[in-house]
Every structure is written in C-alpha cells, then in structure tokens.
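The numbering of the sequence shown is our numbering, which starts it at 23 and goes up by one.
Presented below is the structure to which this report refers.
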Amino acid sequence: MPRELVNKRRVLIIGGQFSGTFCARDLKKHFHVTVVDAKEYFEYTPGILRAYVKPAHFDALTFTLQPVIERKMGVKFIWGEVMKLDGDAKTADVKPMFHSAIDKISFDYCIICSGCNFGPFEKNGESLWFPVIHEQNRPLSKWSHIDERFIEGRRRHILEEYHKIAGLAKKKATILIVGAGFIGVEWATEIEYFFPDCQVTIIDALPQCLGPLPESAKEYCFEYMHACGIKQFYGVKYDKNSPEFWKQVQLPDGPDETYVCIGVKASNYFMPPEVLSDKGPGGGGWIHFNKHMQVTLKPTAGQESGDVWCDGTIFAVGDCNNGCIGDPMKGWLPFIPKISYPGEEQALHALKNVERLDAMKYGRHGCMSCCPRPRKLKETWWPWGAGMFATSLGAHDACFVMGANENKGSGYMVNWWIFAALQKEIIESTKIDECKDRPIGKLIWHFVHHTPCNFW
Numbered sequence: 023m024p025r026e027l028v029n030k031r032r033v034l035i036i037g038g039q040f041s042g043t044f045c046a047r048d049l050k051k052h053f054h055v056t057v058v059d060a061k062e063y064f065e066y067t068p069g070i071l072r073a074y075v076k077p078a079h080f081d082a083l084t085f086t087l088q089p090v091i092e093r094k095m096g097v098k099f100i101w102g103e104v105m106k107l108d109g110d111a112k113t114a115d116v117k118p119m120f121h122s123a124i125d126k127i128s129f130d131y132c133i134i135c136s137g138c139n140f141g142p143f144e145k146n147g148e149s150l151w152f153p154v155i156h157e158q159n160r161p162l163s164k165w166s167h168i169d170e171r172f173i174e175g176r177r178r179h180i181l182e183e184y185h186k187i188a189g190l191a192k193k194k195a196t197i198l199i200v201g202a203g204f205i206g207v208e209w210a211t212e213i214e215y216f217f218p219d220c221q222v223t224i225i226d227a228l229p230q231c232l233g234p235l236p237e238s239a240k241e242y243c244f245e246y247m248h249a250c251g252i253k254q255f256y257g258v259k260y261d262k263n264s265p266e267f268w269k270q271v272q273l274p275d276g277p278d279e280t281y282v283c284i285g286v287k288a289s290n291y292f293m294p295p296e297v298l299s300d301k302g303p304g305g306g307g308w309i310h311f312n313k314h315m316q317v318t319l320k321p322t323a324g325q326e327s328g329d330v331w332c333d334g335t336i337f338a339v340g341d342c343n344n345g346c347i348g349d350p351m352k353g354w355l356p357f358i359p360k361i362s363y364p365g366e367e368q369a370l371h372a373l374k375n376v377e378r379l380d381a382m383k384y385g386r387h388g389c390m391s392c393c394p395r396p397r398k399l400k401e402t403w404w405p406w407g408a409g410m411f412a413t414s415l416g417a418h419d420a421c422f423v424m425g426a427n428e429n430k431g432s433g434y435m436v437n438w439w440i441f442a443a444l445q446k447e448i449i450e451s452t453k454i455d456e457c458k459d460r461p462i463g464k465l466i467w468h469f470v471h472h473t474p475c476n477f478w
C-alpha cells in the first residue's frame with residue numbers, strides 16, 4: 023500500500039446530510055473518512071413541506087446515501103445510529119441498522135453534523151418536518167407503526183399525512199397553524215394552495231409574521247396570506263385549554279386539526295452531559311463549541327466558551343451546536359439561525375481546522391509538505407449565508423431576503439413573486455445535485471461555500 027494511504031488519519035463524520043456530505047467531499051483526499059447516519063437517505067429538509075401536499079415531489083428531494091457516499095465520493099458509509107461518543111478513547115459506539123451488537127469505531131478526528139429536531143413541545147422532539155430516526159424516540163412516536171429510517175417508511179408517512187389533509191379538505195375543515203415563522207407561513211400557504219377548501223388560520227405571539235425579517239418581507243407575506251383568505255392573528259399566545267383563546271381566534275369550537283410550527287429541540291443523545299448546554303431552545307442539550315468549532319466543556323462563570331474537550335479533535339457544526347458563543351445577542355458569536363446554509367459554512371471552518379490541526383501534528387499534505395506547519399487554527403465567524411432566507415408562498419410565489427444579521431428587522435427583500443419562487447426551485451435542484459456529488463451542483467455551490475473571508 024502506498025505510504026500516503028498508510029499515513030492518512032481517520033475522520034468520523036456523524037450525519038450524512040448537508041454538512042456531513044460537504045465535509046466528506048472536502049476531506050476524502052487527505053483522510054480516511056467514515057460517514058455514519060441513522061437513516062438510509064438524504065432528505066432536502068427545506069422543501070419537505072411541499073411533499074406533504076404533493077407526494078410526487080418527495081422523489082425530487084431524496085436519494086439513497088450509500089451509492090452516493092461510497093461509489094461516487096469514495097468514502098465509507100455506515101447506516102446506523104451513534105449511541106455514545108467517547109472523547110478520551112476517541113471511539114464511537116455505533117449500532118448498525120441490521121445488527122444487534124454495537125460496533126466500536128475509532129477515529130483521530132470527528133465532526134458532528136447530526137442536526138436537530140423541530141418539535142420542542144413533544145417529549146421526543148418529533149414533527150412532520152424531520153423523520154423520527156433515533157432508537158429511544160421511535161417507541162414514543164405518534165407514528166411508531168412506520169420506520170422512517172427507511173426511505174419507503176418516510177414515503178409512507180408522507181402519504182398518510184397527505185390523505186389526512188385531503189380528507190379534511192373534503193369536509194372543508196378548519197386547520198390551525200401555531201407559529202408564523204418560516205415553517206408556519208410556508209405550511210399555511212402550501213395547504214391553502216393545494217387544498218383551497220381547507221379553512222386555514224395562523225397565529226403567533228409576536229406582533230407580525232416572520233419576526234426576524236425586514237418590514238417589507240413581513241408585509242409581503244401578510245398581504246399574500248390575507249389575499250388567499252388565510253385568517254391571521256398576532257400578539258396571541260397559544261393556549262389550547264382556554265375558551266377565551268378559541269374565541270379570540272374565531273374558532274369557538276376548536277379546529278379540526280392543529281399543527282404546531284414553533285422552535286427546535288436538541289437530539290444530541292450520544293454526547294456526554296458535560297459538553298451539553300443546560301439552557302437554550304427546546305430546553306437545552308446543545309453542544310458547546312469555541313471559536314474554532316471545537317467541542318468544549320460547559321463554560322464556567324466568567325468564561326465565554328469552556329475548555330476544549332478531547333484535545334480539540336472533535337468539532338460540532340450546524341444545527342447540533344449551541345448556535346452562539348457567549349451571550350446569544352451580544353456575545354462573541356451571536357445566535358445563528360438553525361437552517362442548512364450556515365451549517366455548511368461552519369462545516370468549511372471545521373474541516374479547515376481539521377486539516378490545520380493535522381498539519382500542526384504531522385506536517386502538511388501533498389505538494390504543500392515543504393511549507394512551514396501552521397501555528398494556529400482559523401476562527402469562525404457569523405456565517406453571511408445565515409442572513410439569506412427564501413420563504414415559499416404556495417407553488418408560484420415567494421420572497422427572498424439577504425443581508426440579515428442577528429438584529430431583528432435587518433436585511434433586504436431583494437426578490438419576490440414568481441421570480442423568487444423560481445430562484446428557490448433553482449436553489450433546491452442544484453443543492454440536491456451537489457449533495458448527489460454531481461458536477462453541475464458542485465460547480466455552482468463550491469464557490470458559494472468556499473469563501474476565504476466573511477462578506478458582511
């Protein structure tokens with residue numbers, strides 16, 4: 023075996039979705055890469071709402087991971103769930119899909135890209151927007167008769183929900199959407215467009231829909247929903263046990279169906295408690311990290327970030343981490359929205375630091391081997407892509423915001439109407455193409471993500 027292959031270090035990537043496939047693609051040349059995911063397929067989460075009202079769209083949003091990761095990318099893929107990550111031993115306990123015994127996977131470096139759940143009020147964090155795949159959550163699920171670790175199980179769940187909504191439409195039923203954020207607005211407008219006989223109501227505790235967005239985008243979405251006949255109530259807190267609440271939202275007898283579209287919930291069950299937050303969205307449980315994307319222990323009083331865990335060789339990117347360093351609004355790194363784009367930019371920062379950390383220990387790779395070893399790691403930043411939001415309004419309308427930051431009302435609505443809907447379709451198709459390791463998608467998105475500096 024060539025010396026270069028023998029000397030390659032091992033990188034374990036937990037999660038094979040946006041950030042996971044991104045890391046595997048960039049690291050495979052200089053490292054032995056293994057990707058572990060609890061489900062057998064990739065799913066384009068930002069577009070999954072459309073699949074529930076148009077099931078044929080599901081095929082455009084998904085693909086099986088093993089052929090892409092192993093045959094196209096040329097790295098190892100394990101379909102299984104990480105049950106425990108041991109930082110001292112640098113091993114991961116993985117339960118394979120078709121084996122009852124635990125496999126112990128050793129690594130030199132690890133990047134956690136495991137994402138999160140979207141049901142903060144459910145004990146297991148389940149929601150329609152993300153499949154139930156963790157072993158401890160499946161018995162608690164409302165749809166435990168379906169195994170969403172399989173792509174056909176996910177399809178079956180989508181078909182069941184589609185037929186339920188179709189039945190509600192036949193009865194001209196009332197549907198309440200709780201939460202007028204991105205998911206709530208998109209879900210309300212998708213139902214209205216594909217099932218116009220449903221009587222849709224959307225509520226939010228904030229004074230307007232889409233709280234973080236600029237006024238122009240809020241007004242555009244408000245006017246669209248008003249024109250479509252979607253009832254909107256703002257400044258109203260959801261209280262299903264209060265008769266006064268139901269009168270206030272003009273549903274005195276309650277709705278026929280309720281969808282709660284608020285918040286996120288951590289799913290870092292395999293991590294030790296000393297690296298998880300005690301507070302945060304959904305009750306905490308998010309992975310602490312530092313300026314270099316390395317996993318840290320809980321910060322003590324006066325610390326902005328805690329001490330490095332496992333000699334700095336484990337990194338956490340995207341939705342699984344705490345989302346901020348220090349104060350969520352005024353700290354070194356203000357809170358980052360839990361959406362796919364900033365996760366990929368954080369993944370770039372993490373994998374570059376894996377390469378730097380390896381070069382500091384063993385020297386640089388390939389033609390760069392004659393260059394001096396790096397002396398320090400690269401600091402992350404608030405991802406400029408976190409300020410871009412594309413919100414669908416049915417099939418043929420949308421609005422696109424860019425330039426937003428951690429301050430409410432920041433950013434600019436730069437595209438709207440059918441042109442924004444077309445833009446979102448292009449983003450969806452090319453991003454899935456990139457995750458499939460195809461040339462056109464890679465050519466487009468490589469230059470988007472591999473920015474050498476922060477744009478704003």
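Note that the Cβ used here is the ideal one computed from N, Cα and C, for glycine as well.
Bear in mind the structure is a predicted one, so any value in this text is a computation, not a measurement.
inquiry  = Pairs of beta-carbons, one from the region 114-124 and one from the region 142-156, closer than 8 Å: are there three or more?
reply    = no
ask   = Could you give the distance in angstroms between the alpha-carbon of D108 and the alpha-carbon of G334?
value = 13 Å
Under 8 Å between C-beta atoms of G38 and V55 = no
ask   = Between L87 and V258, what straight-line distance do the alpha-carbon atoms span, to the nearest angstrom?
value = 43 Å
query = Skipping 5 residues on each side, what residues in its chain have a beta carbon closer than 8 Å to that of E183?
reply = Y74, L150
query = Where does V376 sit, in a helix, a strand or coil, going by DSSP?
reply = helix
M23 versus G175 - alpha carbon distance = Low per-residue confidence applies at M23: pLDDT is 44, beneath 50, and the placement is therefore not dependable enough to give any value.
query = Rounded to whole angstroms, how far is the Cβ of G345 from the Cβ of F357, which I believe are closer than 8 Å?
reply = 5 Å
request  = Please work out which residues of its chain come closer than 6 Å, Cβ to Cβ, to L235, disregarding the five sequence neighbours upstream and downstream, and give them in chain order.
outcome  = V423
query = Taking all protein chains shown into account, do 16 or more other C-beta atoms lie within 10 angstroms of the C-beta of P295, making it buried, or fewer, making it exposed?
reply = exposed
Backbone CA spacing between E26 and K383 [nearest angstrom] = Only weak support is given to the placement of E26: the predicted model assigns it a pLDDT of 49, under 50, and the value that follows is read from those uncertain coordinates. Near 16 Å, if we compare the C-alpha coordinates of K383 and E26.
query = Opposite W209 in the DSSP bridges: which residues?
reply = Paired residue(s): none; W209 is not in a bridge.
request  = Look up S414 in the DSSP assignment and give the residues it is bridged to.
outcome  = A420
Enclosing beta strand (DSSP E) for D455 [first to last residue] = Premise fails: D455 lies in the alpha helix (DSSP H), 439-457, not in any beta strand (DSSP E).
task = State the start and end residues of the unbroken beta strand (DSSP E) segment that holds R31.
result = 31-36
inquiry  = I'd like to check one pair, H314 with K400: are the Cβ atoms closer than 8 Å?
reply    = yes
Residues bridged to N343 (per DSSP) = I309
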